[in-house]
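To start, the structure under review is shown below, and the notes come after it.
Number of protein chains: 2
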Amino acid sequence: MVVVYVIVVYDVSVERVDKVRIFLKQYLNWMQNSVLEGEVTKARLKEIELGVEEIIEKKEDSVIIYTVRDEALVNRRFIGEPKVEPTNIL
Amino acid sequence: MVVVYVIVVYDVSVERVDKVRIFLKQYLNWMQNSVLEGEVTKARLKEIELGVEEIIEKKEDSVIIYTVRDEALVNRRFIGEPKVEPTNIL
């Protein structure tokens, strides 16, 4: 089973921001406001891409999905406090 | 000269957001609201880290600096329209 390491950064309109975050949290770990990460299979990555395409308005929103073969290829440095994850109040 | 490929994602208070973006744009290319990328030397990366540390309020803001050895290790997919870069009105 081929896995990849995924970093998703989204910039979506406030009406859709909770929906995008909640969708992505099914697959990935919340890292920062608008950033999630995690290891997923290629099949799951496809689900993520299709799900995001369904939720967002392509004319208004923008999502970048970075993938690398292995998390070990990525070095990550935090500056400042990792913010508290927003609660899913709907 | 050792270079690395850098992706910076920031989540900073609105009072400092222009300052952070303008600082980072000296070194990196704007990709999306709160995301910049580029190839820099390790010396430049250190400058970026120190500059960010100086500008942000560590208790309120959060910046993640991802680095990989080579841009070719990263796959990037955009969903939606890349937003227009904010103008630097100060």
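Top to bottom, those sequences are chains A and B.
Numbering follows my numbering, with no gaps: position 3 of the first sequence is 7.
Numbering follows my numbering, with no gaps: position 20 of the second sequence is 24.
Just so you know, even glycine gets a beta-carbon here, dropped at the ideal spot from N, CA and C.
Note that the structure is predicted; figures quoted are calculated from it, not measured.
Contact annotation: the segment 7-17 of chain B touches the segment 37-44 of chain B, with at least three C-beta pairs closer than 8 angstroms.
Beta-bridge analysis with DSSP links F82 (chain A) to B:I68. Distance from the CA of E85 (chain B) to the CA of L28 (chain A), rounded to the nearest whole angstrom, comes to 19 angstroms. For E58 (chain A), there is no enclosing beta strand (DSSP E); the residue is part of the alpha helix (DSSP H) that begins and ends at K46 to I59.
Sixteen is the threshold: when 16 or more other Cβ atoms of the shown chains lie within 10 Å of the Cβ of D65 (chain B), as they do, the residue is buried.
Per DSSP, D22 (chain B) lies in no beta strand (DSSP E) segment; the continuous alpha helix (DSSP H) that holds it begins and ends at V18 to K29. Here L32 (chain A) carries a coil assignment [DSSP, helix/strand/coil]. For V16 (chain B), the number of other beta carbons within 10 angstroms of its own is at least 16, and it is reported as buried. DSSP lists no bridge partner for V6 (chain A). Apart from the 5 residues on each side of it in sequence, I52 (chain A) sits with its Cβ closer than 6 angstroms to the Cβ of Y31 in its chain, given in chain order.
At a cut-off of 8 angstroms, the C-beta of L77 (chain A) has a neighbouring C-beta in chain B. Distance from the CA of V44 (chain B) to the CA of I68 (chain A), rounded to the nearest whole angstrom, comes to 21 angstroms.
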